[in-house]
Amino acid sequence: MATATARHLLVETEAQCNDIKAQIEAGADFAELAKQHSKCPSGQQGGDLGEFGKGMMVPEFDQVVFSAPINEVQGPVKTQFGYHLLEVTDRKD
Numbered sequence: 016m017a018t019a020t021a022r023h024l025l026v027e028t029e030a031q032c033n034d035i036k037a038q039i040e041a042g043a044d045f046a047e048l049a050k051q052h053s054k055c056p057s058g059q060q061g062g063d064l065g066e067f068g069k070g071m072m073v074p075e076f077d078q079v080v081f082s083a084p085i086n087e088v089q090g091p092v093k094t095q096f097g098y099h100l101l102e103v104t105d106r107k108d
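Those letters in the sequence shown? Residues 16 to 108, by our numbering.
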């Protein structure tokens, strides 16, 4: 079974998500921004979601996590929870 480790940041608006992504691309620390802005409990761990298998997350999330390049911030990704920035840190097929 395919597994991945990833971190994410969850906010309410696409504009906020794009603003935070621009800060990361300019050199800001993903984990620090997750602690400051993410409305997901994982934000307190810098957005770290640990290891999970395909199908354990919502479909929009899974699609990105199991296809995106590793260590490259993706998003905004819209789900029923809001807008996410995702970064796959490892993946095993």
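Just so you know, even glycine gets a beta-carbon here, dropped at the ideal spot from N, CA and C.
- Within the DSSP bridge table, the entry for E66 names T20 as partners.
- Inclusion of I35 and L24 in the CB contact set at 8 Å is warranted, their separation being smaller than that value.
- For V92, the CB contacts under 8 Å within the same chain, skipping 5 residues up- and downstream, are E75, F76, V79, Y98, H99, L100 and L101 in chain order.
- The distance from the Cβ of L64 to that of A21 is about 5 Å, consistent with a contact at the 8 Å cut-off.
- Per DSSP, Q60 is not a residue of any beta strand (DSSP E), being assigned neither H nor E.
- When K54, E87 and V73 are compared, the shortest CA-CA separation from D105 is found for E87.
- Assigned with DSSP and collapsed to three states, Q51 falls in helix.
- Sequence-distant partners of K50 (beyond 5 residues in either direction) whose C-beta falls short of 7 Å from its own C-beta, in its chain, are G58, Q59 and G61.
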